[in-house]
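First comes the structure, then the notes that go with it.
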Amino acid sequence: MRKYRQRVSLFCVLGVVFAAVIGCGDSATSGDRDAAPSTVAGIAQSDNLGSIPGQILTETDLSADVLNRAPRVGTCVALYGTGNSTRVVGEDCSGQTANYKVIQVVSKPSKCVRDVDKLAFDGDPGTNQTWALCLDVNWQDGKCFDLAGTHPQSVACSAANAFKATNVITGSASQNLCVGESTGGFPHASRNFVVCVRGAAK
Numbered sequence: 001m002r003k004y005r006q007r008v009s010l011f012c013v014l015g016v017v018f019a020a021v022i023g024c025g026d027s028a029t030s031g032d033r034d035a036a037p038s039t040v041a042g043i044a045q046s047d048n049l050g051s052i053p054g055q056i057l058t059e060t061d062l063s064a065d066v067l068n069r070a071p072r073v074g075t076c077v078a079l080y081g082t083g084n085s086t087r088v089v090g091e092d093c094s095g096q097t098a099n100y101k102v103i104q105v106v107s108k109p110s111k112c113v114r115d116v117d118k119l120a121f122d123g124d125p126g127t128n129q130t131w132a133l134c135l136d137v138n139w140q141d142g143k144c145f146d147l148a149g150t151h152p153q154s155v156a157c158s159a160a161n162a163f164k165a166t167n168v169i170t171g172s173a174s175q176n177l178c179v180g181e182s183t184g185g186f187p188h189a190s191r192n193f194v195v196c197v198r199g200a201a202k
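Mapping of the sequence shown onto full-length UniProt numbering: residues 1 to 202, in sequence order.
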């Protein structure tokens, strides 16, 4: 497994998304959420968290040479630390420490699709080549994360601050469609899907 060490600061957007999930996101009442339609034209529900249609983007402004040195889209990484001390380490997506999935690799963070969960500026010290990693939380079936820190931390699903993905809705980014055991969701408006989650206490 290739390992990557980040060279400069992270650009974090997770706080905004996490706040929406922990606070249940939209203004709909619980009754409105329970009444959301299960079947709407163009909208689909899936339990396959590892393969979300439209999540991975291959569009890039980088050369093939730079892309060959960067983490591949669709692979997973673990991020540790903050600022200039942050490390980016390649991991198997099924591993406990893999907290992000690489969904796009571009020249700078502003080139990432707008609705990613995390932005990281990375590079190869040997060649001074740099790239931006556009990252989503690596939700997997049966895997739970504590979202309170700088990066998601894999925890037991019985932990007080644990969140578990229950399913994904495609064709819409509305959290109103996260019903049943879900307590909220991560909306991705640009790619038009939402990852529904529940807290461990439910």
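All C-beta atoms, glycine included, are put in the ideal place defined by N, C-alpha and C. Here the structure is a predicted model, which is why all the values come from computation and not from measurement.
Taking 8 Å as the threshold (C-beta atoms), are aspartate 61 and valine 106 in contact? Here residue 106 is taken as the residue at index 106 of the sequence shown, counted from 1. Here residue 61 is taken as the residue at index 61 of the sequence shown, counted from 1. Judged by their CB atoms, valine 106 and aspartate 61 are nearer to each other than the 8 Å cut-off.
Of the choices Glu59, Thr127, Cys134, whose alpha-carbon is the least far from that of isoleucine 103? Locating residue 103 in the sequence shown gives position 103, counting from the first residue. Per the Cα distances, Cys134.
Along the chain, where does the alpha helix (DSSP H) containing arginine 69 start, and where does it finish? Taking the first residue of the sequence shown as position 1, residue 69 is located at position 69. From DSSP, the alpha helix (DSSP H) with arginine 69 extends over 64-69.
Residue burial classification, threonine 170 (beta-carbon count within 10 angstroms, cutoff 16): Here residue 170 refers to the residue found at position 170 when the sequence shown is read from its first residue. It is buried - the Cβ of threonine 170 has at least 16 other Cβ atoms within 10 Å.
Taking 8 Å as the cut-off, decide whether the C-beta atoms of alanine 132 and lysine 164 are in contact. Within the sequence shown, numbered from 1, the residue matching residue 132 stands at position 132. Within the sequence shown, numbered from 1, the residue matching residue 164 stands at position 164. Not closer than 8 Å, so no.
Nearest candidate by alpha-carbon position, reference cysteine 76, set Gln175, Thr58, Asp136: Stepping through the sequence shown from its first residue, residue 76 is reached at position 76. Selected option, being the one with the closest Cα: Asp136.
Roughly how many angstroms separate the alpha carbons of asparagine 128 and proline 71, rounded to a whole number? Along the sequence shown, read from residue 1 onward, the residue named residue 128 stands at position 128. Along the sequence shown, read from residue 1 onward, the residue named residue 71 stands at position 71. If I take the Cα positions, the gap works out to 15 Å.
In its own chain, which residues sit with a C-beta less than 7 Å from the C-beta of asparagine 138, not counting the 5 before and 5 after it? Start at 1 with the first residue of the sequence shown, and residue 138 comes out as number 138. Closer than 7 Å at Cβ, skipping near neighbours: Cys76, Cys93, Ala98, Asn99, Tyr100, Lys101.
Would you call the stretch 176-183 in contact with the stretch 51-67, where contact means no fewer than 3 C-beta pairs closer than 8 Å? No, because fewer than three Cβ pairs between the stretch 176-183 and the stretch 51-67 fall closer than 8 Å, the two stretches do not touch.
Restricting to Cα atoms, I'd like to know which of Cys157, Ala162, Gln140 is closest to leucine 147. Start at 1 with the first residue of the sequence shown, and residue 147 comes out as number 147. Leucine 147 has its Cα closest to that of Ala162, out of Cys157, Ala162, Gln140.
Among Val194, Phe145, His151, the one whose alpha carbon lies nearest that of glycine 81: Stepping through the sequence shown from its first residue, residue 81 is reached at position 81. The closest CA to that of glycine 81, considering only Val194, Phe145, His151, is found on His151.
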